[in-house]
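Single-structure report; data block below.
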Amino acid sequence: PDFDSFVQFMMSGPCHALIITKKEATDAIPQWKELHKTSESGEPEEPVKKSLVSQLVNTKQLLKYCMTSCFIRLPGLTETESLVNLCDVQDSVEDASRQLAFFFPNFHINKVEQHVERTLAIIRPSLLKERRDSIMQRIKDDGFQIAMQKEIILSEEQVCTFYKEHVDQDYFPVLLEQMTSGPTLVLALTRENAVSHWRGLLGPKTLEEAKENPESLRAQYVIENVPINQLHGSSTPSDAQKELEFFFPKEQTFALIKPDAAKTHKDEIMKKVKEAGFSISKVKEQALTREMAAQFYKDHEGKPFFEQLVNCMTQGPSVIMVLSKENAVEEWRQLMGPTDPEEAKKICPESIRAQFAQDILSNAVHGSSN
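Numbering (my numbering), first residue to last: 2 to 371.
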């Protein structure tokens, strides 16, 4: 039809403008167009006609597709009416995005419900030593956020406890040897459907099967002369929760805002503490005496900077806290940043010391090391 006729048709009655979604975003437009397929005469193909009419008109239950939209003219619709008069379908994500912006200017994709979850990932010692940067970049490239991380050397007891279901397997001695051979990096990863997505990226568990799936991470990150795969992932959401609790138990840690920072930046630091997910179990303000400060830093007694450090700690009240969180000790140390604020500004610009510390002694905050 010519354009003027089409405009008149579109103005002849109400249209239903829909945003329709589908879990697999890349399939949305092709599958919707498949339902919109017509024969050479311009009429809908019979199976398609029945599918659309029954689903869109009779039941009004709409298939959900992602990142596309459709416009339906319902008044007076008959089963034999051309699909041109039924739906308008976009040919590309760009066209769909343009029409979404036109009809729904306040719509944001992130308002669509997404199942964000956490999963546990383990990078075993050999891979961590040889290709750490590569695997970490790959994890980020695949859309994961690293919520928590811990680099540890596992004991035999820890490995046996964590892999207790595998202890009787023939491969377990090799697994035990590998897992205790050096530092292991443990990660809490987050994204939509994190458990299944990470498992899908990993691929088969055995190296023989992994080689038949060359796109899998376990195939791409094989370490020569090491007979087991180098990556672990939780099997189910419930397993993920248990495994995360094993490596990142809820802890309490001691935290202190030093007098210089407490005087000028207390509220800002407390805000960062809460935004980082810490619960403040206990808090009080107290001015330390010289005796208390000397006892607090007794490990530094006799060092050239000791007296200056004691003076810094007795300038006024400190804010003393007990913080609670999963992996609290390590998380608090990461939030504080390096001891030297100049170094903190370079490598951890969002850390407390980078933003609020004066110098290496008046460095805003203190935290337990273990």
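Glycine included, C-beta positions come from ideal geometry on N, C-alpha and C.
Are there 16 or more other CB atoms within 10 angstroms of the CB of residue i, so buried, or fewer, so exposed?
i, result
"threonine 185", "buried"
"aspartate 169", "exposed"
"histidine 17", "exposed"
"glutamate 11", "This sequence places methionine at residue 11; glutamate is not what is there. Its Cβ having fewer than 16 others within 10 Å, methionine 11 is exposed."
"serine 13", "exposed"
"proline 350", "exposed"
"serine 135", "exposed"
"alanine 189", "buried"
"phenylalanine 247", "exposed"
"tyrosine 66", "Annotation note: pLDDT 34 at tyrosine 66 (below 50); position unreliable, coordinate value reported separately. Buried, because 16 or more other Cβ atoms sit within 10 Å of the Cβ of tyrosine 66."
"valine 8", "exposed"
"isoleucine 123", "buried"
What is the rounded straight-line gap between the Cα of residue i and the Cα of residue j?
i, j, result
"glutamate 209", "alanine 220", "9 Å"
"tyrosine 222", "lysine 273", "37 Å"
"glycine 309", "glycine 368", "Sequence check: residue 309 is glutamine here, not glycine. Rounded to whole angstroms, glutamine 309 to glycine 368 spans 19 Å at the Cα level."
"glutamate 166", "glutamine 100", "53 Å"
"phenylalanine 104", "phenylalanine 173", "59 Å"
"glutamine 231", "arginine 125", "5 Å"
"phenylalanine 306", "glycine 338", "21 Å"
"serine 6", "leucine 121", "59 Å"
"glycine 201", "valine 175", "24 Å"
"arginine 133", "glutamine 159", "23 Å"
"phenylalanine 279", "serine 370", "17 Å"
"asparagine 214", "methionine 149", "29 Å"
"lysine 212", "isoleucine 229", "12 Å"
"alanine 355", "methionine 314", "19 Å"
"threonine 207", "aspartate 171", "13 Å"
"lysine 267", "glutamate 131", "43 Å"
"leucine 203", "isoleucine 140", "11 Å"
"phenylalanine 145", "threonine 191", "6 Å"
"glutamate 252", "arginine 334", "13 Å"
"methionine 180", "tyrosine 164", "11 Å"
"serine 182", "isoleucine 154", "8 Å"
"serine 352", "phenylalanine 4", "59 Å"
"glutamate 323", "alanine 295", "This sequence places valine at residue 323; glutamate is not what is there. Computed Cα separation, rounded: 21 Å."
"lysine 283", "threonine 254", "11 Å"
"glutamate 343", "serine 217", "41 Å"
"isoleucine 224", "asparagine 364", "42 Å"
So residue i packs on residue j, CB below 8 Å; how close in whole Å?
i, j, result
"proline 250", "glutamate 193", "Actually they do not touch by this definition, with Cβ atoms about 26 Å apart."
"valine 187", "glutamate 118", "With a Cβ gap of about 17 Å, valine 187 and glutamate 118 do not count as contacting."
"leucine 129", "glutamate 157", "That pair is no contact at about 19 Å."
"isoleucine 270", "isoleucine 258", "6 Å"
Based on the DSSP secondary-structure assignment, which residues constitute the bridge partners of residue i?
i, result
"lysine 251", "Glu327"
"threonine 120", "Leu190"
"glycine 234", "Ala122"
"alanine 256", "Met322 and Gly368"
"serine 156", "DSSP, once it has assigned bridges, lists no residue as partnering serine 156."
"valine 284", "Met322"
"isoleucine 147", "Leu190"
"threonine 185", "Ile153"
Is any heavy atom of the ligand FMN found at a distance shorter than 7 Å from the C-beta of residue i?
i, result
"lysine 165", "The model depicted lacks the ligand FMN and carries no ligand whatsoever."
Would you say the stretch 256 to 263 touches the stretch 232 to 241, given that touching needs at least three Cβ pairs under 8 Å? no
Does the count of Cβ pairs from the stretch 350 to 363 and the stretch 284 to 294 closer than 8 Å reach three? no
Check whether the stretch 239 to 249 and the stretch 306 to 324 are in contact - that is, three or more C-beta pairs closer than 8 Å. no
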